[in-house]
Each structure stands twice: as structure tokens, then as C-alpha cells.
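Chemist: Attaching a single structure in C-alpha cells format; questions to follow.
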Amino acid sequence: MKKGSTAAVLLTLGLLCSCSADSGSVSHTDSMESESRDVFAMDTYMNLKAYGENAGGALSAAQERILELEAELSVTDENSDIYRLNSSAGERVQVSEDTARVLSAAVRYGELTGGMLDITLYPVLRAWGFTTQEYRIPGGDELSELLKNVDYSRVDADGVSAAIPEDFMVDLGSVAKGYTSDAVMETMRENGVDSAIISLGGNVQALGSKPDGSPWRVAVRDPFYPDSDMCVLEIEDCAVITSGNYERYFVGGDGNTYWHIIDPADGYPADNGVVSATIVGKSGLMCDALSTAMFVAGEDRAAEFWKSSIDDPELDFEMILVTDDGRILYTEGLEDGFTSAGTMPAEVIERG
Ligand code: ADP
Ligand code: MG
109 MKKGSTAAVL LTLGLLCSCS ADSGSVSHTD SMESESRDVF AMDTYMNLKA YGENAGGALS
169 AAQERILELE AELSVTDENS DIYRLNSSAG ERVQVSEDTA RVLSAAVRYG ELTGGMLDIT
229 LYPVLRAWGF TTQEYRIPGG DELSELLKNV DYSRVDADGV SAAIPEDFMV DLGSVAKGYT
289 SDAVMETMRE NGVDSAIISL GGNVQALGSK PDGSPWRVAV RDPFYPDSDM CVLEIEDCAV
349 ITSGNYERYF VGGDGNTYWH IIDPADGYPA DNGVVSATIV GKSGLMCDAL STAMFVAGED
409 RAAEFWKSSI DDPELDFEMI LVTDDGRILY TEGLEDGFTS AGTMPAEVIE RG
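Shown next as C-alpha cells:
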């Protein structure tokens, strides 16, 4: 292991990140005044916890912000920006600042990941029934036909409006929760809170450290036994976001399991050897985008992507992958705050 680079990464994480996430629950070991709120939005159970005098007010403001973003970004709500964009028949539509920002960022992460993240996959997701839960296995020809209308680079968003070609559809399911958790952190700060932790369906983001100054402890789920944890991370001021094949799937008439993260290369559920990808970093949006993309990438391409991102300020992240043969791989910047919780062997990915 290269000591210098590890220290650099840890320094970054130390400054930016120190969340400890339980994929879905937050501990209650504190003396300072705190409040907790459950919210159901974006088809997701969310829990928000804030500390300090204005915790209650901050939580109400955060809840309102979540509902505002849901109304803008939903793919099914007929009044949302995204619904209007998808039914615009190629015309340019006015969108909110939030929507424009998420669209532009998602296109950028599409570019950075060589198209492994592609927000225009919606017609393919529909063909599999992931949008309605009426699952089916589309034929190869059908998928090839649909993929002709899939290409993130055709999404054209500026600060106030957006356009997509006719027959294209976008869906922000891969990034909306990450953007939302960034927005909640911002709202907490604006409301005088500097210690908070939230879980949006298991995706965790922390503001600051625990009130006593110690890092948050965040557990990451075992994809093979989603009721158990596979590891615990110590973090501050960062997001821990996971994409896993256990989150939404169905078993086809052929006995095979099909999950909701699609490889844009062929339109089939991504099956490149990774069953869960967890990204740790300062931006929830980046972590959400990359969790989906690194799940698609698979072990080798994901490790390469992380290594090649070392000097890229747009891609400052750490990662935990679980392989389909039951190994945990985590990047060396996480080493100090990582504790294994299950029986899977864990290896460190080094910058090399
Ligand atoms: P989750 O929302 O389950 O936490 P993700 O952040 O990985 O998981 O987002 C998965 C969602 O993103 C899918 O439900 C689908 O709507 C959409 N999606 C699936 N594959 C891709 C992909 N390769 N690029 C962009 N979006 C995708
Ligand atoms: Mg994601």
C-alpha cells in the first residue's frame, strides 16, 4: 500500500466525510436535544434525525424540501417536470432549477462513466415491467429496438429548460435520492443544524459529526442477507449510497432472477460480477450516480475507474463492492474507518 496516497485520501475523507451509516436506521446514543422524523416519499421510507435547538424546525423544512423535489423529479406524477419532458414530443419545456441541475449532472456522470449511467433507459425499464411491477422478459429484438432511443448525450438541459428527442424518455431514479439528500443537508444547515444524519431507504448522508464530536457509524447491508450488515464505516459529513441487486427484482418463468439496474450496453440487468456497489463521498448526487454506474461496471472496470479518478476533483469518492462469488473489495481511503461485520473476506483496492 502506498502510504502517501492513503494519507491523502484519509485526509480528504476526514475533512469531508465522517458518516457512519446504518442502512436504514440511526442510533440514539446522544445526550444533546435531537428529533427524528419519518417521511415516505419517492417510493422510499426515509428517516431524518437532527440535533440541536432548532432540530424540529429544520426537520419540517427538510420534509417540505423532499416533497418539493419529489413533485419536480417524479417520472409518474403528471405535473412533474420530468413527466412533462417525457410527454413533450421533442419540444423544449421549462423546468425548475433543481430539475435542470439534476439533469445536467446526470448527463455529466453519463459522460464520465462512458454511458454506464444512462438516464434515458426508461423505455427499457418499462419493457421489463420495473415501472409497473408487471414483470416480463423482453426479447432481444425488442431490446435492440428500444435501445435506439437510449442515449444520455441527447438530453439537452440548460439552467431553466430541457429537451429530449421525440420517443426518448428520462427517469432520474438513479440520482434523485442522492440529490435529495444533498438538498436536505443544505436545508439543515440553513436552519442552524450542524449535526444530522438521514437515511433515504438505506442511502445515508451525514452532516458534521455526532454532537459529541465522534464520527457516525454507518452499517452497510450484506447483499446476500439484506437483513444483516456486512460492514460498518465511520464517517463525517458525507454520503454512503448503495445500489444492490436485492433492492428490486423478480424471478422469471425461466427461473432466472432479473433486477432493476440495467446495463445500457445490451438492455439486460447488469450482470458483470458485482451484486452491490456502495459509494462514499461528499456529494450525495455523485455517490448515487456512481453507485448505479459501478454496479453496471463490475469488479475490474469499477476498480480501474476508481484508480483513474485519483486526480479528478469531480470524482472524489471511495467504494465498496461485493462480488457475486462473495468477496468484499473496498478502496484504500476507507481502510481506517472500515470494520467487517460478516463472514465475507474483505480485500483492499489500492491506488497501485
Ligand atoms: P435504488 O434507487 O434502488 O437505490 P439506484 O440508485 O441504483 O438504486 O437506481 C436504480 C434505478 O435507476 C432503477 O430503478 C432505474 O429506474 C434506473 N436505472 C437502472 N439502470 C440504470 C442505468 N444503467 N443508468 C441510469 N439509471 C438506471
Ligand atoms: Mg444510484
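The number in the working numbering is simply the position in the sequence shown, starting from 1, with 108 added.
Idealized CB from N, CA, C, for every residue including glycine.
Does the contact criterion of 3 or more C-beta pairs under 8 angstroms hold for the stretch 342–362 versus the stretch 319–333?
Modeler: Judged by Cβ distances under 8 angstroms, the stretch 342–362 makes contact with the stretch 319–333, as three or more pairs qualify.
Chemist: Just the C-alpha distance for Pro377 and Ile436, rounded to the nearest angstrom, thanks.
Modeler: For Pro377 and Ile436, the distance between alpha carbons rounds to 21 angstroms.
Chemist: In angstroms with no decimal places, state the Cα-to-Cα distance between Ala169 and Glu205.
Modeler: Cα-Cα distance, rounded: 18 angstroms.
Chemist: May I have all residues whose beta carbon comes closer than 7 angstroms to any heavy atom of ligand 2, sorted in chain order?
Modeler: The filter returns Ser282, Val283, Gly286, Ile349, Ser351, Asp396, Ala397, Ser399 and Thr400, in chain order.
Chemist: For the alpha helix (DSSP H) that Gly392 lies in, which residues bound it at each end?
Modeler: Run containing Gly392: Gly392 to Ala405, per the alpha helix (DSSP H) assignment.
Chemist: Do the stretch 187–194 and the stretch 236–249 meet, that is, are 3 or more Cβ pairs less than 8 angstroms apart?
Modeler: These segments do not touch.
Chemist: Under the three-state reduction of DSSP, which class applies to Thr207: helix, strand or coil?
Modeler: Here Thr207 sits in helix by DSSP.
Chemist: Among all the DSSP beta bridges, which residues are the ones paired with Glu426?
Modeler: Its beta-bridge partners are Val388.
Chemist: Please report the Cβ distance between Val201 and Tyr230, rounded to the nearest whole angstrom; I am assuming they are in contact, meaning their Cβ atoms lie under 8 angstroms.
Modeler: The pair is not a contact, with the Cβ atoms about 16 angstroms apart (cut-off 8 angstroms).
Chemist: Short of 8 angstroms in beta carbon distance, which residues of its chain neighbour Glu407, apart from the five on each side in sequence? Order them along the chain.
Modeler: The answer, listed in chain order, is Asn380, Gly381, Val382, Leu429, Thr431 and Leu437.
Chemist: As a quick exercise: from Glu355, Ala405, Gly375 and Asp337, pick the residue whose alpha carbon is nearest that of Leu449.
Modeler: Checking the displayed sequence, the identity of residue 449 turns out to be Ala instead of Leu. The residue with the shortest Cα to Cα distance from Ala449 is Asp337.
Chemist: How should Asn364 be labelled, buried or exposed, when 16 other C-beta atoms within 10 angstroms of its C-beta is the threshold for buried?
Modeler: Per the 10 Å Cβ criterion, exposed.
Chemist: Mind the definition here: the stretch 248–268 touches the stretch 366–377 only if three or more C-beta pairs lie below 8 angstroms; say whether that holds.
Modeler: Segments in contact, yes.
Chemist: Distance check for Asp151 and Gly300, CA to CA, integer angstroms please.
Modeler: Their backbone Cα atoms lie some 29 angstroms apart in a straight line.
Chemist: Closer than 8 angstroms is the cut-off here; do at least three beta carbon pairs connect the stretch 263–280 with the stretch 387–403?
Modeler: Not touching, per the Cβ criterion.
Chemist: Is the beta carbon of Glu412 sitting closer than 9 angstroms to the one on Glu440?
Modeler: Taking 9 angstroms as the Cβ cut-off, Glu412 and Glu440 do not qualify as a contacting pair.
Chemist: With DSSP collapsed to three states, give me the class of Tyr225.
Modeler: The sequence shown places Leu at residue 225, not Tyr. Correct three-state label for Leu225: coil.
Chemist: Measuring alpha carbon to alpha carbon, tell me which residue in Glu180, Arg173, Ser212 and Ser303 is nearest Ala163.
Modeler: It is Ser303.
Chemist: Tell me which residues share the same chain as Phe358 and place their Cβ nearer than 7 angstroms to its Cβ, disregarding the 5 neighbours each side in the sequence.
Modeler: Closer than 7 angstroms at Cβ, skipping near neighbours: Tyr243 and Tyr366.
Chemist: Give every residue of the same chain whose Cβ lies closer than 7 angstroms to the Cβ of Ile418, excluding the five residues on either side of it in the sequence, and list them in chain order.
Modeler: Excluding sequence neighbours, Ile418 sits near Arg459.
Chemist: Does the Cβ of Val404 lie closer than 8 angstroms to at least one heavy atom of ligand 1?
Modeler: Yes, Cβ of Val404 sits closer than 8 angstroms to a heavy atom of ligand 1.
Chemist: Can you check whether the CB of Asn155 is closer than 9 angstroms to the CB of Ile306?
Modeler: Yes; because the gap between Cβ atoms is below 9 angstroms, this pair is in contact.
Chemist: In or out: Asp226 buried (at least 16 other Cβ within 10 Å) or exposed?
Modeler: With 16 or more other Cβ atoms within 10 Å, it is buried.
Chemist: Please report how far the alpha carbon of Glu422 lies from the alpha carbon of Gly361, in whole angstroms.
Modeler: Distance between the alpha carbons of Glu422 and Gly361: 43 angstroms.
Chemist: Is the beta carbon of Val283 closer than 9 angstroms to that of Ala213?
Modeler: Taking 9 angstroms as the Cβ cut-off, Ala213 and Val283 qualify as a contacting pair.
Chemist: Measure from the alpha carbon of Glu180 to the alpha carbon of each residue in Leu211, Leu167 and Glu161, then state which is nearest.
Modeler: Minimum Cα distance to Glu180 is reached at Leu211.
Chemist: From the DSSP output, in three-state form, read off Gln241 for me.
Modeler: In this structure, Gln241 counts as coil in the three-state DSSP scheme.
Chemist: Please indicate yes or no: does the CB of Glu355 lie closer than 8 angstroms to some heavy atom of ligand 1?
Modeler: Yes, Cβ of Glu355 sits closer than 8 angstroms to a heavy atom of ligand 1.
Chemist: Would DSSP call Lys318 helix, strand or coil?
Modeler: The answer is coil: DSSP assigns Lys318 none of H, G, I, E or B.
Chemist: For Ala454 and Gly198, I'd like the C-alpha separation in whole angstroms.
Modeler: In a straight line, the C-alpha of Ala454 is about 48 angstroms away from that of Gly198.
Chemist: Can you say whether Lys415 is buried or exposed, counting buried as having 16 or more other CB atoms within 10 angstroms of its CB?
Modeler: When all chains shown are included, Lys415 counts as exposed.
Chemist: Give me, in chain order, the residues of the same chain whose beta-carbon lies closer than 6 angstroms to that of Gly499; leave out the 5 immediate sequence neighbours on both sides.
Modeler: Summary: the structure shown does not reach residue 499, with the chain confined to residues 109 through 460, and so no result is reported for it.
Chemist: Keeping to the same chain, check which residues put their C-beta closer than 8 angstroms to that of Leu251; ignore five residues upstream and five downstream.
Modeler: Counting only Cβ-Cβ distances below 8 angstroms, and skipping sequence neighbours, we find Val232, Ala235, Asp374, Gly375 and Tyr376.
Chemist: Please classify Gly248 as buried or exposed, where buried requires at least 16 other C-beta atoms within 10 Å of its C-beta.
Modeler: Counting Cβ neighbours within 10 Å, Gly248 comes out exposed, since fewer than 16 surround it.
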